[in-house]
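Chemist: Chains as they are written, first to last, in the numbering used here: chain A, 1384 to 1616; chain B, 78 to 304.
#1: Mind pulling the alpha helix (DSSP H) runs of 4 or more residues that sit fully within the segment 199-251 of chain B?
#2: So is residue 1614 of chain A in contact with chain B if we call contact Cβ pairs under 9 Å?
#3: Starting from the Cα of residue 305 of chain B, find the closest Cα among B:85, B:90, B:103 and give me that residue.
#4: Count the C-beta pairs between the segment 1475-1486 of chain A and the segment 180-195 of chain B that are closer than 8 Å, then say yes if the count reaches three, no if not.
#5: Does the segment 1565-1573 of chain A come within contact of the segment 1539-1554 of chain A, defined as at least 3 CB pairs closer than 8 Å?
#6: Shorter than 9 Å from the beta carbon of residue 1473 of chain A to some beta carbon of chain B?
#7: For the beta strand (DSSP E) holding residue 273 of chain B, just list the boundary residues, first then last.
#8: Helix, strand or coil: which one does DSSP assign to residue 176 of chain B?
#9: Please compile the residues from chain A whose C-beta is within a distance smaller than 9 Å of the C-beta of residue 193 of chain B.
#10: Measure the C-alpha to C-alpha separation of residue 236 of chain B and residue 1462 of chain A and round it to an integer number of angstroms.
#11: Taking residue 1535 of chain A as the reference, give the member of A:1414, A:1403, A:1401 with the closest Cα.
#12: Along the segment 145-160 of chain B, where does the CB come closer than 7 Å to a CB of chain A? Name the residues.
#13: Taking 8 Å as the cut-off, does the segment 172-179 of chain B touch the segment 111-120 of chain B (at least 3 CB pairs, one atom from each stretch)?
#14: Excluding five sequence neighbours on each side, which residues of the same chain lie with their C-beta closer than 6 Å to the C-beta of residue 1470 of chain A?
#15: What span of residues does the alpha helix (DSSP H) with residue 1531 of chain A cover, start to end?
#16: Quick one: Cα of residue 1409 of chain A to Cα of residue 1614 of chain A, how far?
#17: Comparing C-alpha positions only, which one of B:294, B:223, B:234, B:211 sits nearest to residue 265 of chain B?
#18: Is the beta carbon of residue 1436 of chain A less than 9 Å from the beta carbon of residue 1488 of chain A?
#19: Contact between the segment 1587-1596 of chain A and the segment 1524-1533 of chain A is defined here as three or more beta-carbon pairs at a separation below 8 Å; is this criterion met?
#20: Which residues in chain A sit within 7 Å of residue 199 of chain B, going by Cβ to Cβ distance?
#21: Compare the C-alpha of residue 1556 of chain A against each of A:1611, A:1605, A:1459, A:1505 and name the closest.
#22: Quick one, which of A:1434, A:1392, A:1572 has its alpha-carbon nearest residue 1403 of chain A's?
#23: List, in chain order, every chain A residue whose beta-carbon is nearer than 8 Å to that of residue 189 of chain B.
#24: Please list the terminal residues of the continuous beta strand (DSSP E) segment that includes residue 119 of chain B.
#25: Given a threshold of 16 other Cβ atoms within 10 Å of its Cβ, counted over all protein chains shown, does residue 1371 of chain A qualify as buried or as exposed?
#26: Using beta carbons (cut-off 9 Å, strictly below), is residue 141 of chain B in contact with chain A?
#27: Could you tell me which residues DSSP puts in a beta bridge with residue 299 of chain B?
#28: Report buried or exposed for residue 147 of chain B, applying the criterion of at least 16 other Cβ atoms within 10 angstroms of its Cβ.
#29: Go to residue 1509 of chain A, then tell me how far its alpha helix (DSSP H) extends in each direction, as first and last residue.
#30: Say yes only if the C-beta of residue 87 of chain B is nearer than 8 Å to one or more non-hydrogen atoms of the ligand GTP, and no if none qualify.
#31: Would you decide whether residue 88 of chain B is buried or exposed? Buried here means 16 or more other CB atoms lie within 10 Å of its CB.
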């Protein structure tokens, strides 16, 4: 498969030429269907004989518990939270993503550095600083951004949870005292940030307002092409 | 680096040096001196914020850390203290004393193979101190003080994660030697005030206080004066 590139530099001890797997990232807000589609894709890829590794944010055993505690208390400054998430990300990068890529797996990432960067930038972090922190992340072979309209997002969120998540509503950002308004404004800001990043990082924006089977077929078609492309070279 | 370099009414003084160089003793004495004179002063140590401490301890104990996450976890801790305490105090016109600062990360994590540019950009939010004292001690003397006084070396402190030697004392020697080289390369880059750490403690302290008096108009920081 393709030799992996990094955005700027790579972590100590990593030889990029040894990373033979493929890294496919699914980005999108909560309730956009990321985990459903990752489940379907995993099954499909394994049927075709690809070994699959799933990774996501906030799953490392190094700091996940502390991160959860910090979010509950909401006592960390935005930059501390950024760096906490970055620690968590690199822990998974070095302990899961890179070993899996080295072993030739298809790595399906349930969100990646772009979500982390968008959240920080929306909260006022300098984009150049945020990008420099994540400069050691491998460049994915493909990034699919599941774009969902606010209306669909609200419908799906209420169907699933009957309430809005504090962080996904950006309640820490002071956008509105009204939870629903804050959710809409925050999600719009995140979407705008993704659109800004899209041109820089080359995402494929996928319409995720569609039914599960329609989106599934679309994603599979795109991933088929990615795998064909990476296997030839 | 721009974010860290805006004008602030407070002053930042940091001490750096190898383990055993006596820097903590010196900054402690500076703290006592400034407090007793009635100046607005605050003291902070590397790796001390409570929330992050837990993760660091866990990571260190289980040896889960790579050079990158080791560095990031310390940067997280530093950012927590910087934004919660140091920066507000600097804005309020305090003298902030730091036992170790970002240069500790540049030196140690640099030895561990982290990219120097990546480290410096990550700490780009932090202000370069008004005075950075570097307590310079020949390697053998620093090693002697530590290896005599505290034979129980810790895994990461000794750089055991680098696989330099199976013998922890030998690993510590090699690691400290490399850390010293990194510090010396930063003397010019960041304009360290180099102190001769072989001198008597009291002699060093007199010199340190003189440097501070020469470089900072202490009268502005008296509790009676409002910034």
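Built from N, CA and C at the ideal position, the CB exists for glycine as well. Remember, predicted model here, so these are calculated numbers, not experimental data.
Modeler: Reading off the structure:
#1: With a minimum length of 4 residues, the continuous alpha helix (DSSP H) runs that stay inside the segment 199-251 of chain B are 216-226.
#2: For residue 1614 of chain A, the answer is no, since every Cβ of chain B falls outside 9 Å of its Cβ.
#3: In the structure as shown, chain B starts at 78 and stops at 304, and residue 305 of chain B therefore has no counterpart that could be examined.
#4: Taking a contact to require three or more Cβ pairs closer than 8 Å, the segment 1475-1486 of chain A and the segment 180-195 of chain B do not qualify as touching.
#5: With a cut-off of 8 Å, the segment 1539-1554 of chain A and the segment 1565-1573 of chain A count as touching, because enough Cβ pairs lie within range.
#6: Interface flag for residue 1473 of chain A against chain B is set, since a Cβ pair is found closer than 9 Å.
#7: Start and end: 270-273.
#8: Residue 176 of chain B falls in the strand class under three-state DSSP.
#9: Taking a Cβ-Cβ cut-off of 9 Å, residue 193 of chain B has no neighbours in chain A, whose nearest Cβ is about 10 Å from it.
#10: Approximately 28 Å between the Cα atoms of the pair.
#11: When each option's Cα is compared against that of residue 1535 of chain A, the closest is A:1414.
#12: For the segment 145-160 of chain B, which is checked against every Cβ of chain A, the residues closer than 7 Å are 145, 146, 149, 150, 152, 153, 156, 157, 160.
#13: As far as the Cβ criterion goes, the segment 111-120 of chain B touches the segment 172-179 of chain B, which means the pair count is three or higher.
#14: Short of 6 Å from the beta carbon of residue 1470 of chain A, and not among the five residues preceding or following it, lie these beta carbons of its own chain, in chain order: 1446.
#15: Residue 1531 of chain A: not part of any alpha helix (DSSP H); DSSP gives it neither H nor E.
#16: One C-alpha to the other measures close to 20 Å.
#17: Comparing Cα positions, the closest option is B:211.
#18: With a cutoff of 9 Å on beta-carbon distance, residue 1436 of chain A and residue 1488 of chain A are scored as near each other.
#19: Per the Cβ contact rule, the segment 1587-1596 of chain A is in contact with the segment 1524-1533 of chain A (3 or more Cβ pairs under 8 Å).
#20: Proximity of chain A to residue 199 of chain B at the Cβ level (cut-off 7 Å) is accounted for by 1515, 1516, in chain order.
#21: Answer by Cα proximity: A:1505.
#22: Comparing Cα-Cα distances from residue 1403 of chain A to each of A:1434, A:1392, A:1572, the minimum goes to A:1434.
#23: Residues of chain A whose Cβ lies closer than 8 Å to the Cβ of residue 189 of chain B are, in chain order, 1395.
#24: Counting along the chain, the beta strand (DSSP E) containing residue 119 of chain B begins and ends at 118-122.
#25: Lying outside 1384 to 1616, the shown extent of chain A, residue 1371 of chain A is not represented and no answer is given.
#26: Contacts with chain A at 9 Å (Cβ-Cβ) include residue 141 of chain B.
#27: Note: residue 299 of chain B sits in a beta bridge opposite B:116.
#28: A buried status is given to residue 147 of chain B, since no fewer than 16 other beta-carbon atoms sit within 10 Å of its beta-carbon.
#29: Here residue 1509 of chain A belongs to no alpha helix (DSSP H), and DSSP marks it neither H nor E.
#30: The ligand GTP is absent from the structure shown, which contains no ligands of any kind.
#31: If you draw a 10 Å sphere on the C-beta of residue 88 of chain B, you find 16 or more other C-beta atoms in it, and that means buried.
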